[in-house]
Amino acid sequence: MTELGEIVDVIVVGGGPIGLAAAINARMRGLTALVIEPRPGTIDKACGEGVMPGAVAELTALGVHPHGRTIAGISYQNGKRTAEHRFSGDTALGVRRTELHRALTERAAELGVRVEHGKVEAVEQRDGRQSDGDLVGAVSAQLVDGRTIEGRWMLGCDGLLSTVRELVGLATRPRRVRHKDSRRFGIRQHFEVAPWSDLVEVHWAPNAEVYITPVGDTEIGVAVLGRRGTSFEEALASVPALAERLRDAPSASSSRGAGPLLQNTRGQRAGRVLLVGDAAGYVDAITGEGLRLGLAEARAAIECIVGGEPERYEREWRRITRDFRMLTTGLVAAANSPLRRTIVPLAARLPWVYGRIVESLAR
1 MTELGEIVDV IVVGGGPIGL AAAINARMRG LTALVIEPRP GTIDKACGEG VMPGAVAELT
61 ALGVHPHGRT IAGISYQNGK RTAEHRFSGD TALGVRRTEL HRALTERAAE LGVRVEHGKV
121 EAVEQRDGRQ SDGDLVGAVS AQLVDGRTIE GRWMLGCDGL LSTVRELVGL ATRPRRVRHK
181 DSRRFGIRQH FEVAPWSDLV EVHWAPNAEV YITPVGDTEI GVAVLGRRGT SFEEALASVP
241 ALAERLRDAP SASSSRGAGP LLQNTRGQRA GRVLLVGDAA GYVDAITGEG LRLGLAEARA
301 AIECIVGGEP ERYEREWRRI TRDFRMLTTG LVAAANSPLR RTIVPLAARL PWVYGRIVES
361 LAR
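Take a look at the structure:
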């Protein structure tokens, strides 16, 4: 029992898109689910807001249909050269994060997902056996206001700076870095201007990548990825053609930041606690796959719980993220080296290679 009523099957810590998707998956498989989230209302986040075709398919399977702008492919540009590829199958969507959260919240409520607002300060796990010998157990979340929520399983879906990851001993100490500015961060802002392309444009500036994502008929999102200290304004100014397009465009949101993006973990499971999404480990947003991976991980976590094989989750996590981790690690290494200036020319010179990479990201 908990102070809030009957024990729930799955406690989900984190009410962002991945946490809500995990709770929806749980309800669709017949489990009870309760989400713990400290922030009230619609949640925003600094991200590129491009929902790849694979992620659109995951959302559709959950019965979630956010409003957005169709995206037909990806374009790499450096001012002189351009490489672009249009998806061979289904299209992607540019979706404001607030709109995505709204759609997921409505679907979760429709399925009976409970939401409690609070911050987790401790996690306790217990295992034992019933009189018939069956193994039973529970995990509880203690909130800072004194409440206790008890469940059979817990999913840590609380993002890059996960509290759950720390509380269950799966966090790693950050590696020493030679330069303080070597870690990468993201900044995002919206502008009121009609999209001029149906592609996500990635402008490779000298010291940052600038992503342009259509998110509506009269609105685009601009995301900058770079090292600590990267200025949104300076990154934009380093792409003159883009800066000119946006020179008189009204701002449609304030700027938001996220990071550091690289997050290592000791694993993705500790007893009855499974880490999902960014909390489970993350490399970088440079390939724009975070949402697709998180949605697939949420589905896999619930499938492993329902199947009575929680120990299988870490293998599933490695399978789901393997290509992403290899590609992203290599691309970030190139982006932080003298090879950076060759990335767009190589993509333009080898369109079949670039196309295969884009298609792998789209799945």
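Here UniProt numbering is used: the first residue of the sequence shown is 1, the next is one more, and so on.
Where is the CB? At the ideal position from N, CA and C, for every residue including glycine.
Assess, as a yes-or-no matter, whether the stretch 68–79 is touched by the stretch 194–206 under the definition of 3 or more beta carbon pairs within less than 8 Å. yes
Close beta carbons around Arg69, own chain, < 6 Å, minus the five adjacent residues each side: The residue given as residue 69 occupies position 69 in the sequence shown. Closer than 6 Å at the Cβ level, and outside the excluded window around Arg69, lie Gly94, Pro214, Val215 and Gly216.
Cα-Cα separation, Arg165 to Glu121: By one-based count along the sequence shown, residue 165 stands at place 165. By one-based count along the sequence shown, residue 121 stands at place 121. Taking the straight line joining both Cα atoms gives about 12 Å.
Below 9 Å between beta carbons: does that hold for Gly151 and Val8? Here residue 151 corresponds to residue number 151 of the sequence shown, with the count starting at 1. Here residue 8 corresponds to residue number 8 of the sequence shown, with the count starting at 1. Yes.
Could you spell out the range, first to last residue, of the beta strand (DSSP E) harbouring Asp9? Counting from 1 along the sequence shown, the entry for residue 9 is found at position 9. Asp9 -> beta strand (DSSP E) spans Val8 to Val13.
I need the DSSP call for Arg227, collapsed to helix, strand or coil. Taking the first residue of the sequence shown as 1, we reach residue 227 at position 227. Strand.
Mind checking which residues open and close the alpha helix (DSSP H) that includes Gly218? The residue given as residue 218 occupies position 218 in the sequence shown. This sequence places Thr at residue 218; Gly is not what is there. Element bounds for Thr218: n/a, residue is neither H nor E.
Gly259 to Gly48, Cα distance in whole Å? Here the question's residue 259 lines up with position 259 in the sequence shown. Here the question's residue 48 lines up with position 48 in the sequence shown. Taking the straight line from one Cα to the other gives about 13 Å.
Looking only at C-alpha atoms, which of Tyr313, Thr32 and Phe185 sits nearest to Gln263? Within the sequence shown, the letter at position 263 stands for residue 263. Among Tyr313, Thr32 and Phe185, the Cα nearest to that of Gln263 belongs to Phe185.
Inter-residue CB distance, Val283 and Thr328 (contact presumed, cutoff 8 Å): By 1-based counting over the sequence shown, the position of residue 283 is 283. By 1-based counting over the sequence shown, the position of residue 328 is 328. With 8 Å as the limit, Val283 and Thr328 qualify as a contact, their Cβ atoms being about 4 Å apart.
Tell me which same chain residues have a C-beta within less than 7 Å of the C-beta of Arg81, skipping the five on either side of it? As a working note, residue 81 is residue 81 in the sequence shown. The residues are Val344, Pro345 and Ala348.
Per DSSP, which one or two residues make a beta bridge with Val64? As a working note, residue 64 is residue 64 in the sequence shown. Answer is none; Val64 lacks a bridge partner.
Status (buried if at least 16 other CB within 10 Å, exposed otherwise) for Thr60: Position 60 of the sequence shown, counting from 1, holds the residue named residue 60. Answer is exposed; the Cβ neighbour count stays below 16.
Through-space distance from Ala33 to Asp134, alpha-carbon basis: Here residue 134 refers to the residue found at position 134 when the sequence shown is read from its first residue. Here residue 33 refers to the residue found at position 33 when the sequence shown is read from its first residue. The pLDDT assigned to Asp134 is 42, lower than 50, so where the model puts this residue is not dependable, and the model offers no usable value.
Which ranges does the beta strand (DSSP E) cover as unbroken runs of at least 3 residues, wholly within the stretch 21–58, from first to last along the chain? 33–36
Relative to the alpha-carbon of Leu100, which residue among Val239, Gly79, Leu20 and Leu31 has its alpha-carbon at the smallest distance? As a first step, residue 100 is located in the sequence shown; it is residue number 100 there, counting from the start. Selected option, being the one with the closest Cα: Leu20.
Considering only residues of the same chain and omitting the five flanking positions on each side of Glu303, which have a CB-CB separation below 7 Å? As a working mapping, residue 303 is identified with position 303 in the sequence shown. Answer for Glu303: no residue qualifies.
Reduced DSSP secondary structure (H/G/I, E/B, other) of Arg86: In the sequence shown, the residue the question calls residue 86 occupies position 86. Three-state result, Arg86: strand.
Please state the DSSP three-state secondary structure of Gly137. To locate residue 137, count along the sequence shown from 1; it is residue 137. Gly137: strand per DSSP, three-state reduction.
Glu58 and Leu295 closer than 9 Å at C-beta: Position 58 of the sequence shown, counting from 1, holds the residue named residue 58. Position 295 of the sequence shown, counting from 1, holds the residue named residue 295. In this structure, the beta-carbon distance from Glu58 to Leu295 falls below 9 Å.
Per DSSP, what kind of secondary structure is Arg190 in: helix, strand or coil? Taking the first residue of the sequence shown as position 1, residue 190 is located at position 190. For clarity, residue 190 is His in the given sequence; the question names Arg instead. In this structure, His190 counts as strand in the three-state DSSP scheme.
DSSP has Ser251 in a bridge; who is on the other side? The sequence position of residue 251 within the sequence shown is 251, counting from 1. Ser251 pairs with Phe191.
Give the straight-line distance between the Cα atoms of residue 411 and Leu170, rounded to the nearest whole angstrom. What the structure shows of the chain is the stretch from 1 to 363, and residue 411 is not part of that stretch, so it cannot be assessed.
Taking the beta carbon of Thr172 as the centre, do at least 16 other beta carbons fall within 10 Å, making it buried, or is it exposed? Residue mapping note: residue 172 aligns to position 172 of the sequence shown, counting from 1. Exposed, because fewer than 16 other Cβ atoms sit within 10 Å of the Cβ of Thr172.
When burial is assigned at 16 or more other CB atoms within 10 Å of the CB, is Trp352 buried or exposed? As a first step, residue 352 is located in the sequence shown; it is residue number 352 there, counting from the start. Answer is exposed; the Cβ neighbour count stays below 16.
Please say whether Tyr354 and Gly288 have beta carbons closer to each other than 9 Å? Taking the sequence shown and counting its residues from 1, the one referred to as residue 288 is at position 288. Taking the sequence shown and counting its residues from 1, the one referred to as residue 354 is at position 354. Cβ atoms of Gly288 and Tyr354: not closer than 9 Å.
Which of helix, strand or coil DSSP assigns to Trp153: To locate residue 153, count along the sequence shown from 1; it is residue 153. Strand, per DSSP.
Compute the distance between the beta-carbons of Val273 and Trp153, then report whether it is under 9 Å. For the purposes of this step, residue 273 is taken as the residue at position 273 of the sequence shown. For the purposes of this step, residue 153 is taken as the residue at position 153 of the sequence shown. Going by C-beta atoms, Val273 is nearer than 9 Å to Trp153.
Go to Ile71, then tell me how far its beta strand (DSSP E) extends in each direction, as first and last residue. Reading the sequence shown from its first residue, position 71 is the one you call residue 71. Run containing Ile71: Arg69 to Ile71, per the beta strand (DSSP E) assignment.
Who pairs with Gln125 in a beta bridge, going by DSSP? Start at 1 with the first residue of the sequence shown, and residue 125 comes out as number 125. DSSP lists Val139 as partners of Gln125.
With DSSP as the reference, label Arg356 as helix, strand or coil. Residue numbering aside, residue 356 sits at position 356 when the sequence shown is read from its first letter. It is helical.
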